[in-house]
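So this note's numbering is basically just the index in the sequence shown, starting at one, shifted up by 154. Don't be surprised by glycine CBs; every beta carbon is placed ideally from N, CA and C. Nothing here was measured: the structure is a model prediction, and the numbers come from that model. Worksheet: one structure, shown below.
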Amino acid sequence: MYDFVVVGAGFFGAVFAHEVKTAGKKVLVIVKRDDIGGNCYSYDDPETNINIHKYGPHIFHTSDKNIWDYICSFADFNNYRHRVLTASGGKIYSMPINLATINQFYNLTLTPGEAKEFLKSKIPAIPAPANLEEKAISIMGRELYEAFIKGYTIKQWNCDPRELPAEVIARLPVRTSYDDIYYDDNYQGMPIGGYTPIFKKLLEGVSLELKTDFFEKRDYWMSVARTLVYTGPIDRYFNYCYGKLRWRSVRFEIEKMPLDDYQGVSIMNYADQKVPYTRILEPKHFYRERINLSRGTVVMREYPCDDPAEPYYPVSLKTDQEILAKYQKAQSNEKNVIFGGRLAEYKYYDMYQVISRALKQAEKLLRVSPPAGS
Ligand code: UDP
155 MYDFVVVGAG FFGAVFAHEV KTAGKKVLVI VKRDDIGGNC YSYDDPETNI NIHKYGPHIF
215 HTSDKNIWDY ICSFADFNNY RHRVLTASGG KIYSMPINLA TINQFYNLTL TPGEAKEFLK
275 SKIPAIPAPA NLEEKAISIM GRELYEAFIK GYTIKQWNCD PRELPAEVIA RLPVRTSYDD
335 IYYDDNYQGM PIGGYTPIFK KLLEGVSLEL KTDFFEKRDY WMSVARTLVY TGPIDRYFNY
395 CYGKLRWRSV RFEIEKMPLD DYQGVSIMNY ADQKVPYTRI LEPKHFYRER INLSRGTVVM
455 REYPCDDPAE PYYPVSLKTD QEILAKYQKA QSNEKNVIFG GRLAEYKYYD MYQVISRALK
515 QAEKLLRVSP PAGS
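Shown next, in the form of structure tokens:
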């Protein structure tokens, strides 16, 4: 019998398992794939010595000092600051939209103050932006939206941007300064050695079974767990009884090239709808300190797709919200089961948010059921 059986070893599962194990609980983690870290899993390509994020790029950023201190107790971070460029209409611009983007796009030389006024003149009155398109236009105006957001968003989500929640675009700042660092957060960087060593440390001393699909022996796992911690897709847990939630996935085409540098930046977005991929990653740029060690480069073209076996992003259309409400109600009736993480909560969380939720959840449970002798 285990105090906790944790399904999945992404940030929620691994942090939770670490915390309860450290508090003396008996915990087992089971993972469907043959690697740990969920979609954060990374490996060093032996030929080029480049650290590859197998399931897509993960750049750590947070303004929460506690979470930064926590993650730094498992890894040293380099001082990588994420900068993105975007190709639109045959030109390359700085992203997120900042003064360089605005001046280049409009062929102007505006100062920050002038740019503020200029943007205001481009923004129509939208009193309560109700979806991604309205929200974007209310921040940047229609022209910038159509050049940089619309095509990318349609490719990424495969739906009309007017159907998508406004919060998705609120992830991206629009600036009237030349600050071109992608994230506003106080603490940012890439873990030296990649993400996998963090998960190895988190799971040290925790029983782990890879290549183990919870659903193949669901009753058994439930029977050996005092509490089950489930981090997989919420609709799958309930056997899709209220219908399938919409998820978006991505696939990568990896190519090795005998070049020092393919694109000069870690991520180049492709805003035009006619380009089939959304972005090209060149991961060697995440680790400037290793760049001379590499032999050639690796690029990954990212193609959004629908793949029910590999859910990455909750789409969260209105219909999904309605279905989700039913699953949430069902969740609250499940005794001794904790649901956590992007897939189980159907929320577009960043890594730091998942870590924070796992820590809080572990703390709450340990308060209710402290380890023997404490
Ligand atoms: N987005 C866009 N153009 C870009 C970058 C982002 O339209 O060049 C939109 C798109 O809808 C995307 C959302 O902003 O899904 C959030 O972008 P973010 O970079 O946070 O996406 P992630 O890195 O999580 O895939």
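Contacting residues, own chain, Cβ-Cβ under 7 Å from residue i (five flanking each side not counted)
{"i": "A301", "result": "S242, G243, F259 and A425"}
{"i": "K309", "result": "Q427, T432 and P458"}
{"i": "P327", "result": "P250 and D338"}
{"i": "T263", "result": "N257"}
{"i": "R237", "result": "D334, I335, Y336 and V419"}
{"i": "V169", "result": "L356, I509, A512 and L513"}
{"i": "I280", "result": "E288, I291 and S292"}
{"i": "W311", "result": "L318, R402 and V469"}
Nearest candidate by alpha-carbon position, reference residue i, set the options
{"i": "T240", "options": "F231, P250, N232 and K304", "result": "P250"}
{"i": "R433", "options": "D461, N285, T307 and F231", "result": "T307"}
{"i": "E271", "options": "A282, R511, L253 and Q475", "result": "L253"}
{"i": "I408", "options": "D223, V452, Y299 and G167", "result": "V452"}
{"i": "E358", "options": "G164, F165, M155 and K175", "result": "K175"}
{"i": "I421", "options": "A463, R402 and E436", "result": "E436"}
{"i": "S196", "options": "L497, E297 and K438", "result": "K438"}
{"i": "K276", "options": "R296, D460 and A324", "result": "R296"}
{"i": "F166", "options": "S523, Q507, V522 and P524", "result": "Q507"}
{"i": "F406", "options": "A498, P430, A290 and I346", "result": "P430"}
{"i": "Y500", "options": "T263, R521, V404 and Y384", "result": "Y384"}
{"i": "I200", "options": "K410, T366, N393 and H236", "result": "The question names Ile, but residue 200 in the sequence shown is Pro. Among K410, T366, N393 and H236, the Cα nearest to that of P200 belongs to K410."}
{"i": "P468", "options": "G191, C313 and M294", "result": "C313"}
{"i": "M454", "options": "R325, P524, H207 and D333", "result": "H207"}
{"i": "K274", "options": "P412, D189 and M294", "result": "M294"}
{"i": "D367", "options": "V160, M155 and Y156", "result": "V160"}
{"i": "A512", "options": "S331, Y466, I221 and P387", "result": "I221"}
{"i": "D461", "options": "F493, R442 and S403", "result": "S403"}
{"i": "L399", "options": "K245, G348, Y466 and R442", "result": "Y466"}
{"i": "E476", "options": "R442, G397, G494 and W401", "result": "G397"}
{"i": "M155", "options": "A177, V181 and A168", "result": "V181"}
{"i": "G348", "options": "Y416, D474, N393 and G210", "result": "G210"}
{"i": "F440", "options": "D157, G267 and D198", "result": "D198"}
{"i": "G192", "options": "N205, K472 and H212", "result": "H212"}
{"i": "F493", "options": "P524, N393 and G386", "result": "G386"}
{"i": "N205", "options": "R442, F369 and N233", "result": "R442"}
{"i": "E268", "options": "C395, D415, S331 and P524", "result": "S331"}
Identified DSSP bridge partners for residue i
{"i": "E456", "result": "F406 and R433"}
{"i": "P468", "result": "W401"}
{"i": "L182", "result": "V159 and S361"}
{"i": "N96", "result": "Outside the shown range of the chain, which is 155 to 528, sits residue 96, and nothing can be said about it."}
{"i": "M411", "result": "T451"}
{"i": "V322", "result": "Answer is none; V322 lacks a bridge partner."}
{"i": "H207", "result": "S196"}
{"i": "T216", "result": "Y341"}
{"i": "F493", "result": "Y384"}
{"i": "A379", "result": "Y156"}
Where residue i falls, given that 16 or more other Cβ within 10 Å makes a residue buried
{"i": "L478", "result": "buried"}
{"i": "D389", "result": "buried"}
{"i": "V360", "result": "buried"}
{"i": "C194", "result": "buried"}
{"i": "K179", "result": "buried"}
{"i": "E456", "result": "buried"}
{"i": "V522", "result": "exposed"}
{"i": "A463", "result": "exposed"}
{"i": "G418", "result": "exposed"}
{"i": "R329", "result": "buried"}
{"i": "D188", "result": "exposed"}
{"i": "T265", "result": "exposed"}
{"i": "D474", "result": "buried"}
Own chain residues within Cβ distance below 6 Å of residue i, not counting five before or after
{"i": "F115", "result": "The requested residue 115 does not occur in the structure, where the chain is confined to residues 155 to 528."}
{"i": "S470", "result": "P319"}
{"i": "I323", "result": "L286, K289 and A290"}
{"i": "P283", "result": "K289, S292 and A320"}
{"i": "F231", "result": "G343 and P345"}
{"i": "T255", "result": "Y247 and S248"}
{"i": "V185", "result": "A163 and L364"}
{"i": "R496", "result": "Y503"}
{"i": "L413", "result": "T451"}
{"i": "L362", "result": "V183"}
Beta-carbon contacts of residue i that lie in its chain and below 8 Å, excluding the five residues immediately before and after
{"i": "N490", "result": "A379, R380, T381 and L382"}
{"i": "P315", "result": "N285, L286, E287, A290, I303, K304, T307 and I308"}
{"i": "V226", "result": "According to the sequence shown, residue 226 is Cys rather than Val. Closer than 8 Å at the Cβ level, and outside the excluded window around C226, lies no residue."}
{"i": "Y299", "result": "E287, A290 and I291"}
Contact between the segment 214-234 and the segment 331-346 (3+ Cβ pairs under 8 Å): yes
Looking at C-beta atoms only, is the number of pairs between the segment 474-488 and the segment 361-376 that lie closer than 8 Å three or more? no
Between the segment 508-524 and the segment 166-182, do at least 3 Cβ pairs fall closer than 8 Å? yes
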